[in-house]
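S.K.:
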Amino acid sequence: MDDYSSSREARDPFCLQAGEAAALLAGHPWKRFVVIGDSVASGIGDRVDGYSPLPWCDRIAAELAANSDDFIYLNLGRRELKAAEVREQQLDDALRFAPDLALVVCGGNDALPSAYKSEVVDAEISAMVTALREAGADVITIGMFNVAYAPVIREAVRHLVSARMLRLSDSTAQLGARLGTIHVNMTGHPAQTDPAMYSEDGLHGNLRSHAICAAETIRGLGAHLGNSFSAGVAVRDRLAMMWAAPVLASIAGRMDVMNLLSGWAAA
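Going by the UniProt record's numbering, the sequence shown opens with residue 1, and the numbers climb by one from there.
1. Note down, in chain order, each residue of its chain lying with its Cβ closer than 8 angstroms to the Cβ of T130, except the 5 sequence neighbours on either side.
2. Should the stretch 89–99 be called in touch with the stretch 42–58, which here means at least 3 C-beta pairs below 8 angstroms?
3. I need the straight-line Cα distance from V184 to A223, nearest angstrom please.
4. Inspect the beta-carbon positions of E124 and R87 and report whether they are closer than 8 angstroms.
5. To which residues of the same chain is V233 closer than 6 angstroms at the C-beta, ignoring the five residues directly before and after it?
6. I need the boundaries of the beta strand (DSSP E) containing V152, first residue and last residue.
7. Whole angstroms is fine: what's the gap from H28's alpha carbon to D69's?
8. Does the stretch 206–216 come within contact of the stretch 10–25, defined as at least 3 CB pairs closer than 8 angstroms?
9. Measure the beta-carbon distance from D38 to G108 and round it to whole angstroms, keeping in mind my assumption that it falls under 8 angstroms.
10. Would you mind reading off the limits of the beta strand (DSSP E) that contains I44?
11. Can you tell me whether DSSP reads G226 as helix, strand or coil?
12. Given this structure, state the Cα-to-Cα distance separating Y4 from A191, to the nearest angstrom.
13. Please give the ranges of any alpha helix (DSSP H) in the stretch 150–216, keeping only runs that are unbroken, at least 4 residues long and fully inside the region.
14. If contact is defined by three or more beta carbon pairs under 8 angstroms, each pair taking one atom from either stretch, is the stretch 74–82 in contact with the stretch 145–160?
15. Here's the rule: buried if 16 or more other CB atoms are within 10 angstroms of the residue's CB, otherwise exposed. What is S169?
16. Closer than 8 angstroms by C-beta to N227: which residues in its own chain qualify, once you throw out the five before and the five after it? Chain order, please.
17. Looking at C-alpha atoms only, which residue of R208, M128, T187 and H189 is the closest neighbour of A196?
18. Just the Cα atoms here: how many angstroms apart are A98 and V139?
19. Is it buried or exposed, E155, if we count other Cβ atoms within 10 angstroms and call 16 or more buried?
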């Protein structure tokens with residue numbers, strides 16, 4: 001993005017600061033990056049003025065490419081697929097690509113309906129991660145935004161959808177820890193409750209949400225590499241407090257704690 005430092009995205013406390021991606025990804029070893037999954041992987045989302053037009057996986061790839069010669073990227077993601085369909089339709093092609101870095105994100109289409117079977121989805125995601133790890137790739141797994149807050153979800157069923165999405169996120173985090181993935185947890189992020197984060201379809205995140213996901217994934221990769229970005233310390237401190245705000249509000253029994261911290265973070 002031209003003149004990124006003066007863009008709305010660079011001023012967004014949840015997004016990358018100018019120079020942050022370059023610092024976090026400096027010296028990274030990856031040359032071949034593959035993405036498999038559903039619509040979250042494929043990059044559906046409405047544009048937002050002042051934010052990168054690149055969907056989050058494309059943005060991650062662009063930042064990786066900027067720090068590497070001969071970088072190759074393949075995104076196999078397709079919308080409306082369940083976890084088993086992702087494995088059946090994309091895993092073989094991903095393995096043939098011979099990646100050294102892979103991102104696996106799916107399960108949301110399984111968890112939305114009441115027929116969600118956590119153990120079945122876990123087995124599918126585990127199979128994909130295991131195959132990619134055994135082929136020599138570092139693997140990124142994602143705890144997705146809790147889509148129960150999406151405008152299209154009716155209030156009457158929101159708590160039921162939320163419980164299933166939280167279960168999917170917890171299960172993915174556990175299998176990621178067991179299988180040694182680079183796990184990025186977006187579930188519970190304070191931005192997920194903002195209706196302005198979603199596209200006109202009321203379900204998929206817009207490109208501000210993509211920018212936030214890209215930022216958190218790049219930060220996860222930077223942590224994996226042992227890199228840091230000193231200018232981001234103040235922002236990370238603010239974000240930590242914003243993530244903690246709901247817990248503090250619950251303990252104190254006062255929602256004005258949320259308002260206080262949110263106002264401080266936006267200052």
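Cβ atoms here follow ideal geometry from the backbone N, Cα and C, with glycine treated the same way.
M.R.: In brief:
1. L179
2. no
3. 11 angstroms
4. yes
5. Its pLDDT being 48, under 50, V233 is placed unreliably in this model, and the value from its coordinates should be taken loosely. There are no such residues.
6. Here V152 belongs to no beta strand (DSSP E), and DSSP marks it neither H nor E.
7. 11 angstroms
8. yes
9. 6 angstroms
10. Counting along the chain, I44 falls outside any beta strand (DSSP E), and DSSP gives it neither H nor E.
11. coil
12. 21 angstroms
13. 155–179
14. no
15. buried
16. A23, L24, L25, A26 and G27
17. R208
18. 13 angstroms
19. exposed
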